[in-house]
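Reading through the structure tokens given below for one structure.
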Amino acid sequence: GDSVTQMEGPVTLSEEAFLTINCTYTATGYPSLFWYVQYPGEGLQLLLKATKADDKGSNKGFEATYRKETTSFHLEKGSVQVSDSAVYFCALSDRGGSEKLVFGKGTKLTVNP
Amino acid sequence: NAGVTQTPKFQVLKTGQSMTLQCAQDMNHNSMYWYRQDPGMGLRLIYYSASEGTTDKGEVPNGYNVSRLNKREFSLRLESAAPSQTSVYFCANMGDGLETQYFGPGTRLLVL
Chain E
19 GDSVTQMEGP VTLSEEAFLT INCTYTATGY PSLFWYVQYP GEGLQLLLKA TKADDKGSNK
79 GFEATYRKET TSFHLEKGSV QVSDSAVYFC ALSDRGGSEK LVFGKGTKLT VNP
Chain X
-1 NAGVTQTPKF QVLKTGQSMT LQCAQDMNHN SMYWYRQDPG MGLRLIYYSA SEGTTDKGEV
59 PNGYNVSRLN KREFSLRLES AAPSQTSVYF CANMGDGLET QYFGPGTRLL VL
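Residue numbers (the working numbering), protein chains in the order written: chain E, 19 to 131; chain X, -1 to 110.
Right, here's the structure in full:
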């Protein structure tokens, strides 16, 4: 079945450092890809998404590009802030009509001042 | 506009007790979901409902039952709680064709 693999954390960075969180996927069809973020004590919320190959999703300074050739959707941010400390989840949408998401295990990011 | 709400926020149960986790939405979305989140395991789908009156099993349905009596509410029931069900439970919804799920704030459940 479809699956998502993302880099294990935790990741600890200093403020203004560059962030990359790797995500690769396995899917039989042509899924949409997502990054969700979970701030401490809260539910998940959508950070960005891409629906087809070579699409770039972006939001709040974060970016990710849908790479079909490498089945990847890596999350990047050029300069992280303390407020970016959260758990980040990569996910894919099964477009086969089941309307379900498949999530990676999450990567915890801590940004120190 | 509350979005997706969950009650209670936190609950402690003894092994063998039963309880129902409530989820409600005011977004008029057809699909609703129950997940559990455990350290190192990510989110795992317990049950989902594509529309009012229909429910389907997810990845980890054992020990749980659900009820979708109307479009707005989707409840999760633990008939006989076990320590392995200690987790954080999230409800979510999704509109048709939108591919974006909206999550509630979660219910922390501790089973002793």
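Built from N, CA and C at the ideal position, the CB exists for glycine as well.
Distance CB(residue i)-CB(residue j) smaller than 8 Å
| i | j | result |
| --- | --- | --- |
| residue 16 of chain X | residue 78 of chain X | yes |
| residue 48 of chain E | residue 110 of chain E | no |
| residue 51 of chain E | residue 91 of chain E | yes |
| residue 107 of chain E | residue 96 of chain E | no |
| residue 43 of chain X | residue 88 of chain X | no |
Backbone CA spacing between residue i and residue j [nearest angstrom]
| i | j | result |
| --- | --- | --- |
| residue 98 of chain X | residue 126 of chain E | 22 Å |
| residue 48 of chain X | residue 118 of chain E | 10 Å |
| residue 11 of chain X | residue 71 of chain E | 47 Å |
| residue 37 of chain X | residue 27 of chain E | 12 Å |
| residue 121 of chain E | residue 21 of chain X | 21 Å |
| residue 77 of chain E | residue 65 of chain E | 6 Å |
| residue 37 of chain E | residue 93 of chain E | 8 Å |
8 Å Cβ cutoff, residue i in contact with chain X
| i | result |
| --- | --- |
| residue 63 of chain E | yes |
| residue 81 of chain E | no |
| residue 78 of chain E | no |
| residue 124 of chain E | yes |
Neighbour flag for residue i against chain E, beta carbons, 8 Å
| i | result |
| --- | --- |
| residue 29 of chain X | yes |
| residue 88 of chain X | yes |
Partners in chain X for residue i, counting only beta-carbon separations shorter than 8 Å
| i | result |
| --- | --- |
| residue 135 of chain E | Summary: the structure shown does not reach residue 135 of chain E, with chain E confined to residues 19 through 131, and so no result is reported for it. |
Listed by chain order, chain X residues near residue i by CB distance under 7 Å
| i | result |
| --- | --- |
| residue 121 of chain E | 40, 41 |
| residue 103 of chain E | The premise fails here: residue 103 of chain E is roughly 17 Å from chain X at the closest Cβ pair, so nothing lies under 7 Å. |
Bridge partners - residue i, DSSP secondary structure assignment
| i | result |
| --- | --- |
| residue 34 of chain X | X/42, X/87 |
| residue 77 of chain E | E/80 |
Listed by chain order, chain X residues near residue i by CB distance under 9 Å
| i | result |
| --- | --- |
| residue 107 of chain E | 40, 41 |
Neighbouring residues, chain E, relative to residue i (Cβ below 7 Å)
| i | result |
| --- | --- |
| residue 99 of chain X | 119 |
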